[in-house]
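Only one structure is covered here, and it is reproduced in the block below.
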Amino acid sequence: MKKREWNEEEIKQLLNQLPSITDHRTSSEMYQHIERKIKGRKQRTWIAPTIATLAALFLFALMTPYLFQEISSSSYEEAADESGGDQDNSLNSLTMGEGEIANIEEKSEDEAAEAKLFEDKQSTISPQDTFVIHSKDREKYLTFALTNEQSEITIPFSFNEDEHVEDLKEIERISSEEVSEIMESFRFELEDTTFAHTKIPNEVIINYQGQPNLSSSASEIYYMETIQETFRWLGYKKARLQTREEEGIEFGNTGMKTELDIETNRKKAYFIYRMQDNSRALLVPSNESFETIEDAVLAMKEGTANLKLESPFLTTIDSIDIDEDKTELDITFPSNIEFEDSEPYILMLESLLLTAKEFGFQKVKFNGVKMQRIGVMNLAEPVEVPFAPNPIFFHNK
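All residue numbers for the sequence shown refer to full-length UniProt numbering, where the first residue is 1 and numbers rise by one.
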């Protein structure tokens, strides 16, 4: 059947034949009615989806325990089948597991030992309240000298002694390898040298075994410096020099030497030395001696850049006044300096105490310090000079 096409005139006639509809509402009433219809539909749009979601969650909650029970049961049956089919392999695996446990335990012990060594090393670089050994503790420490890796600086270290050991035997026992476990990149110049007492009190025999080679002036200087900075702390006054039990040591620069006077007060200035920027500070005597303590303090303010020896003085301190009174030294700081109980101030004061000791002073009175105590020092009264620098905890094997 062919579709009839209506023209525009026919459509108008059909519309005119429809019954007329009259709406007596005003336009505002019609608008309010339409608005209520729209709001009603918007408020009801969330009801059906919400009900459907709650129903789905309720069904999921009911079914979840059964799903987990089925999965667990299936996993258990599979594990049981594998266990039954490979019983011999399981026994072998168990034996191997025991070996692995032993290895793990052994590894844990090694790691614990390494951690202990690490803690011991760290204890030497943690913040300190003192960098010196006091006279009352002198029997607990053995002080001897090491040099830095380039053999440019001689550094006295005070190692604590776990047990009382005769000093010469203890020094002879020490080797570079043992020291390096705690203090890396330092050398013991007397490594292949033996020591013995003489019949004369305060004398020691230094028996050189031919190593290291002392032909250069540098090796000669630091070999003799190590003797000085080791045996002066032990109270010796003279060293008798030998080579393989024969009298004298042949030095490349000064020739044959048979003895060496050991100086108690060497008139040195003390500086700060650090191997790295974040490593612990060490108080180090200068390579050269000074005529007066004023000259030594002036050198301390400058530092020694070529040897990486830092000045112990804070940059805020331009000058200090020094007065000598027999065995006591008076040091006066500027009145505008604010002191703190912290490492930089401890290092400054203790470096001055060690320098005063080098010139024979027994006590130092610090004036101009408003604090009564810094570190372990009671600044309200004269402070006794220390026995030796750089306490290090050395655990004997």
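Even for Gly, the Cβ is constructed at its ideal location relative to N, Cα and C.
- In the structure shown, what three-state DSSP assignment does S286 receive? For this step, residue 286 is matched to residue 286 along the sequence shown. Three-state result, S286: coil.
- With burial defined as no fewer than 16 other Cβ atoms inside 10 Å of the residue's Cβ, what is the status of L352: buried or exposed? Taking the sequence shown and counting its residues from 1, the one referred to as residue 352 is at position 352. Buried, since its Cβ has 16 or more Cβ neighbours within 10 Å.
- Query: Under three-state DSSP, which class holds E381?
  - Reply: Position 381 of the sequence shown, counted from the first residue, corresponds to residue 381. The answer is coil: DSSP assigns E381 none of H, G, I, E or B.
- So does the segment 202-221 actually touch the segment 233-252, counting three or more Cβ pairs closer than 8 angstroms? yes
- Message: Using the Cβ count rule (16 or more neighbours within 10 Å means buried), how would you classify M256?
- Response: Indexing the sequence shown from 1 puts residue 256 at position 256. It is exposed - the Cβ of M256 has fewer than 16 other Cβ atoms within 10 Å.
- Query: Thinking just about the alpha-carbon of each residue, which of V284, T332, V385 and F159 is nearest to the one in K370?
  - Reply: For the purposes of this step, residue 370 is taken as the residue at position 370 of the sequence shown. Answer by Cα proximity: T332.
- Query: What separation, rounded to the nearest whole angstrom, lies between the Cα atoms of F387 and T304?
  - Reply: Taking the first residue of the sequence shown as 1, we reach residue 387 at position 387. Taking the first residue of the sequence shown as 1, we reach residue 304 at position 304. Those two C-alpha atoms are separated by around 25 angstroms.
- Could you check if I227 is buried or exposed, using at least 16 other CB atoms within 10 Å of its CB as the buried criterion? Here residue 227 corresponds to residue number 227 of the sequence shown, with the count starting at 1. Answer is buried; the Cβ neighbour count reaches 16.
- Item | C-alpha distance - T316 paired with L349, whole-angstrom precision | On the sequence shown, residue 316 is found 316 positions in, with the first residue counted as 1. On the sequence shown, residue 349 is found 349 positions in, with the first residue counted as 1. If I take the Cα positions, the gap works out to 15 angstroms.
- CA-CA distance, N213 and G248? As a first step, residue 213 must be located in the sequence shown, where it is residue number 213. As a first step, residue 248 must be located in the sequence shown, where it is residue number 248. Cα to Cα, N213 sits roughly 15 angstroms from G248.
- Neighbour-count burial assignment, E229, 16 or more Cβ in a 10 Å radius: The residue labelled residue 229 in the question sits at position 229 within the sequence shown. When all chains shown are included, E229 counts as buried.
- Query: How big is the Cα-Cα spacing for N287 and M300?
  - Reply: Counted from its first residue, the sequence shown places residue 287 at position 287. Counted from its first residue, the sequence shown places residue 300 at position 300. If I take the Cα positions, the gap works out to 12 angstroms.
- Which stretch, first to last residue, makes up the alpha helix (DSSP H) that contains I155? In the sequence shown, residue 155 corresponds to position 155, counting from 1. Note, I155: premise wrong, no alpha helix (DSSP H); beta strand (DSSP E) at T154 to N160.
- Query: Hey, how far is the Cα of P344 from the Cα of V132?
  - Reply: Taking the sequence shown and counting its residues from 1, the one referred to as residue 344 is at position 344. Taking the sequence shown and counting its residues from 1, the one referred to as residue 132 is at position 132. Rounded to the nearest angstrom, the two C-alpha atoms are 14 angstroms apart.
- May I have the straight-line CA-CA distance separating Q128 from L260, to the nearest angstrom? For the purposes of this step, residue 128 is identified with residue 128 of the sequence shown, where counting begins at 1. For the purposes of this step, residue 260 is identified with residue 260 of the sequence shown, where counting begins at 1. Rounded to whole angstroms, Q128 to L260 spans 36 angstroms at the Cα level.
- Task: Note down, in chain order, each residue of its chain lying with its Cβ closer than 6 angstroms to the Cβ of T258, except the 5 sequence neighbours on either side.
- Result: As a position in the sequence shown, residue 258 is number 258, starting the count at 1. Within the same chain, T258 has close Cβ partners L241, E247 and G248.
- Message: For E381 and V364, what's the separation of their Cα atoms in angstroms?
- Response: Position 381 of the sequence shown, counted from the start, is the residue given in the question as residue 381. Position 364 of the sequence shown, counted from the start, is the residue given in the question as residue 364. Looking at the two C-alpha atoms, the distance is approximately 9 angstroms.
- Item | Strand pairing of F271, partner residues [DSSP] | As a first step, residue 271 must be located in the sequence shown, where it is residue number 271. DSSP, once it has assigned bridges, lists V284 as partnering F271.
- Would a C-beta distance cut-off of 7 angstroms place K267 and P285 closer than the cut-off? In the sequence shown, residue 267 corresponds to position 267, counting from 1. In the sequence shown, residue 285 corresponds to position 285, counting from 1. No. Outside cutoff.
- Contacts around L307, its chain only, beta-carbon distance under 7 angstroms, and the 5 residues preceding and following it disregarded: Reading the sequence shown from its first residue, position 307 is the one you call residue 307. Excluding residues within five positions, the ones whose Cβ falls inside 7 angstroms are E152 and I153.
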